[in-house]
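Chains as they are written, first to last, in the working numbering: chain A, 491 to 799; chain B, 751 to 1079; chain C, 973 to 1315.
Ideal placement from N, C-alpha and C gives every residue a C-beta, glycine not left out.
Working notes, beginning with the structure itself.
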Amino acid sequence: MWRIRAMEERVGQLKRAGEVHGLIHLSVGQEGVAAAVCGQLRDDDAVYSGHRAHGHTLAKGAPLPALLAELMGRVGGLCKGLGGSMHLVDVEHGMLGATGVVGGNIPMALGSALAARMRGGDAVAVVFFGDGAVQAGQFNESINIATLWKLPVVFVCENNGFAEFSPRSAHTNVERVSDVVAPYDLPRETVDGNEFAAVRSVFGRMLAGVRAGEGPALLECLTHRLRGHYEGDPDRYREAVSKAEWQEKDPILRLQRQGAADGWLADGDPAEFEAAARTEVDEAVEAARRSPFPDEALAASLVRAGGKS
Amino acid sequence: MTNETTREIPYIAAINEAIHQEMARDEDVVFFGQSVGNNPEDPFVKAFGDGRVRVTPISETAEIGMAAGAALAGKRPVVDCTMAEFLLVAMDQVVNEANRFHYMSGGQVKAPLVLKAGYGFTAGWAGQHTGSIYGMFMGIPGLKVALPSTPADAKGLMATAIRDDNPVLFLHHYLLTLEKGPVPEGEHLVPFGQAVVRREGADVTLVATGWTVGHALGAAEQLAAEGVSAEVIDPRTIAPLDTATVLTSVAKTGRLVLVDQATRHSSVSAVIAAEVAEHGFSSLRAPIVQVTALDASIPYSKPMEDFILPDTGKIVAAVRQVLGAGVVA
Amino acid sequence: MSGANGIPAERLVELYSQMVRIREFEERVKRTFAEHPGVIRGHTHLADGAEASIVGSVGAIRDGDQVFATYRCHGYPIALGSDTAAMMAEIYGRAGGICKGYGGSMHLADPARGFLGTSGIVGQNIPQGTGAAYAAQLRGRGEVVLTFFGDGASKQGAFHESLNIAAVWKLPVVFIMENNSFSATVRTEQEDANAAAGEPLSMKAKAYSIPGVTVDGSDPLAVHEAVATAVDRARAGEGPTLIESLVYRLSAHGNSIAPPGVPLHYPEHEAISKYGAVEEYEAAKRGDPIPRFRAHLVETGALTAERAAEIAQAAQAEMQHAVDFGLESPFPEPHEALTYVYA
């Protein structure tokens, strides 16, 4: 979680310094979900994410230097600089893709789930999306098919209360995403996404069922986006949280308090984890800077699979 | 049709001004979309209330389909679709519904609506948010497509779009958002299907749309220093497309360079090239040259992004090529 | 059969008469394939079996209300009072058609009667009806919109998006899903998680916090009651309702699909041709809503056998005229193809 936080904060700085360009969506404050979910997955489990994908990608095992190099548009990036922030892919670690179009990743995860079942074994697909995607047609189309075909897929909704720039109440009468799937017979639950242990245990239970062939499940994690929708968003549409409130909510601080209380985290550990994460990020940024920008010809070379045609 | 008092305002402000003025003029105009009217301070909500100005969920098919239905029922909806690629989520509603209603009903019904969307945001948005995808819409019967390149045209084309009785795709270029220019204060309408000659010239005709108009004018300026006189034409709407102005110009210059941010095989330039080859072949003194985006998705990393796109240097080189390729008359 | 709920006997007979007229119209469309080969082109979808659902629904609205439908669209305009001769001429592709030959069977429109048009693409008329309801809400005169679609359309994203917005904006629209147990030729339980679980499809309303009701679509009075309740709710500004109307389509999904030169015909129903469910289909025929409603009206004294025979004869004469008019109506001038591209 500290690795994600340190990375995201650094990406924010790099964006302001012009080293990262384009549209950037950060997941500061939402690290708990990425860590609790991806931490229980294997490389052969497929993960799909949306436009706010940095944390999921890192938690799924993508190497930090390559991830940062991608965000910095370098040839050493996960996608050789072709994809950028909204299009992270790391096939080796089962990060099959992020999509920049809201809801577009949900049916794709069904495809991976279907493929996993056809291969045999107990691999699953997990798709992360925001509450905004729930009002998109693909969501309902996908829930119906996944339920009907009992596909091994877990739908993980990070409900941060805002779809792009407006609150959920402007978008739907149904407050809980887990209630939107009420017509369908699949396990569904809403948890506090800032509570790492809660996400971990509920997701773990769902994952076991899905691996056992019981069909899909939906996990709604209530989270709080600490920053605007995108970096540079003037953010006039919502109330800022106070610092004190955030101390309460911050998933990292909460886990640290829990760890201290339960005795598995020593006093000096959090500072050490944070420092280690920040050092790792610093080193990764330096490594990325050493990676050159891509050769121009690369831009035209990967349009179709199998080389130029 | 144009109020003479002008002032310098940004392209995006000109678009908003047109919507605002048309909403004030005609109470049937309604405005909705995913980022419309999402706070009580929104100037549209303040002026026209939250009935005519509404934020929608991320539901493209419903947003555009609802516009079609509301239009059939007498409204003139303007849908802010945000980015042009989001239209693709609801492709059926964009190209296969409202645009065909008037025709299929034998002229009984009409569907006046405007789909406003930004395009061409080649600023590191990578593959899914930066395309210049108008080429795939310009041949769709019943659908009109406007591509304003100046703040004044942005206002005038939007006002015309809202008053038009057909579905109109109004595509504004993201890189022009903050560009300022003189814009008439009051009512300002720019007719559809009428190209404008942005610069007169005698040696070569340049046709460009949207953001590339500025590059074409820059190239013309640079070429003038070399003694080459380039005429620059901006079609302003690509459906309907004013080919007559292009043919007249080519009859004068004998040379044609087409500039387009779209991928080569789905571009306005490919269509104009075909029209001129068919109807203006005898005027041509050199082969037509197209300066378009290359046939690839837009890459994220900046050096590759630049490589894909047309720019002033590429236009100048193309002009030199057509001038060098002159044949004896 | 549900009670009449205070509907006067004369009105009940009128509803019955509309059912008979729709059936006769569809029979004549079907017969045209055999009697006048080549006159109907493309794809035609019949509403036989759904007459009770159609007249029960349309009978619950008033002037100023509007109706959106799918490509299976012959029944609604008849119930709304459209000219059946112009409708038949449209299906025959003639200049005298209700859309002058531009639309054909799948795209009937009669805006003067509130029938604003159809979509030939599954589910896509649902947002359009929702948009018309938004216009009605803005007009503020208490008008409502009925949007008809099939069970298959409820698997389209357009359904989900539209019901959600209609619910949150409290739009005056009634969503009427005619569940005929087949999505084209696929059985509903093969493609719908609710149907597969043995649940009514009206359950889907739960996702939007709106009422969801399932009615027997072969009972015009039950449909009328459910739709009237939903219409009242919509007029009162309380928002949309999802009504699942269970019908059994008595003809195949549509006529045969073939390249030009191969004669078109109406094939056997999928229940038999694809699934071998002869008894299911025979049972549906025994449950035909028209004789059922006639028996009910005769039993309750609203209709006499003589009057029923007159209604049948009048419908036959009307549709004979429609066929004759359609056959005699000239084809449009070829160059007319370039009019109406733009309004």
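Check: Contact with chain A by Ser-1174(C), beta-carbon distance below 7 Å; Outcome: no
Check: Proximal residues to Val-1313(C) (C-beta, below 7 Å), its chain only, five neighbours per side dropped; Outcome: none
Check: Per-residue burial, His-1008(C) [other beta carbons within 10 Å of its own, 16 or more giving buried]; Outcome: exposed
Check: Opposing strand residues paired with Tyr-869(B) [DSSP bridges]; Outcome: His-923(B)
Check: Any C-beta of chain C under 7 Å from that of Ala-672(A); Outcome: yes
Check: Residue of Ala-526(A), Ser-575(A) and Gly-566(A) minimising C-alpha distance to His-511(A); Outcome: Ser-575(A)
Check: Own chain partners of Leu-907(B) with C-beta closer than 6 Å, once the 5 adjacent residues on each side are dropped; Outcome: Ala-896, Pro-898 and Val-940
Check: At least three beta-carbon pairs within less than 8 Å, the segment 1033-1040 of chain C to the segment 1226-1245 of chain C; Outcome: no
Check: Exposed unless 16 or more other CB atoms sit within 10 angstroms - verdict on Leu-893(B); Outcome: buried
Check: Lys-798(A) versus Ala-790(A) - alpha carbon distance; Outcome: Summary for Lys-798(A): the model assigns pLDDT 43, below 50, so the residue's position carries little reliability, and this model does not support an answer.
Check: Euclidean distance between Cα positions of Gly-566(A) and Gly-885(B); Outcome: 34 Å
Check: Close beta carbons around Ala-1079(B), own chain, < 8 Å, minus the five adjacent residues each side; Outcome: For Ala-1079(B), the predicted model reports a pLDDT of 41, less than 50, meaning its position is unreliable and no value from the coordinates is stated.
Check: His-1046(C), buried or exposed, once every other Cβ within 10 Å from all chains shown has been counted against 16; Outcome: buried
Check: Continuous beta strand (DSSP E) stretch holding Leu-586(A): start and end; Outcome: 585-588
Check: Within 9 Å of chain B by C-beta, residues of the segment 578-591 of chain A in sequence order; Outcome: Thr-589, Gly-590 and Val-591
Check: Where Arg-775(B) falls, given that 16 or more other Cβ within 10 Å makes a residue buried; Outcome: exposed
Check: 7 Å Cβ cutoff, Phe-887(B) in contact with chain C; Outcome: no
Check: Residue from Ala-1130(C), Lys-1178(C) and Asn-1152(C) with nearest C-alpha to Val-845(A); Outcome: This structure leaves residue 845(A) out entirely; chain A is present only between 491 and 799.
Check: Entirely enclosed alpha helix (DSSP H) segments - the segment 745-786 of chain A, minimum 4 residues; Outcome: 759-780
Check: Neighbour list for Thr-1311(C) in chain B, Cβ cutoff strictly below 8 Å; Outcome: Gly-857
Check: 7 Å Cβ cutoff, Ser-1181(C) in contact with chain A; Outcome: yes
Check: For Pro-932(B) and Glu-758(B), the rounded distance between their alpha carbons; Outcome: 4 Å
Check: Cβ shell of Thr-1062(B) (< 6 Å), same chain only, five flanking positions each side left out; Outcome: His-965, Gly-968 and Ala-969
Check: Reduced DSSP category for Gln-503(A) - H, G, I as helix; E, B as strand; rest coil; Outcome: helix
Check: Neighbourhood of Ala-1284(C) by C-beta, 7 Å cutoff - its chain only, sequence neighbours within 5 removed; Outcome: Val-992
Check: Coarse secondary structure for Leu-638(A), derived from DSSP in three states; Outcome: helix
Check: Run of the beta strand (DSSP E) containing Glu-521(A), from where it starts to where it stops; Outcome: It is not in any beta strand (DSSP E) - Glu-521(A) instead sits in the alpha helix (DSSP H) that spans 521-528.
Check: Cα-Cα separation, Ala-975(B) to Val-1066(B); Outcome: 12 Å
Check: Ile-1058(B) versus Ala-795(A) - alpha carbon distance; Outcome: 19 Å
Check: Proximity test, Cβ basis, 7 Å: Asp-915(B) and chain C; Outcome: yes
Check: Straight-line gap, Leu-1073(B) to Gly-508(A) (C-alpha atoms, nearest Å); Outcome: 40 Å
Check: Contained alpha helix (DSSP H) runs [length at least 4] in the segment 1230-1298 of chain C, N- to C-terminal order; Outcome: 1242-1245, 1250-1258 and 1261-1271
Check: Interface residues of chain C facing Tyr-853(B) [CB-CB closer than 7 Å]; Outcome: Tyr-1074, Tyr-1312 and Val-1313
Check: Selection from Ile-808(B), Gly-881(B), Thr-832(B) and Lys-825(B) that minimises the alpha carbon distance to Val-859(B); Outcome: Lys-825(B)
Check: When Trp-639(A), Cys-569(A) and Leu-743(A) are compared against Met-585(A), the one with the closest alpha-carbon; Outcome: Cys-569(A)
Check: Option in Glu-1210(C), Pro-1192(C) and Glu-1216(C) with minimal Cα separation from Thr-1186(C); Outcome: Glu-1216(C)
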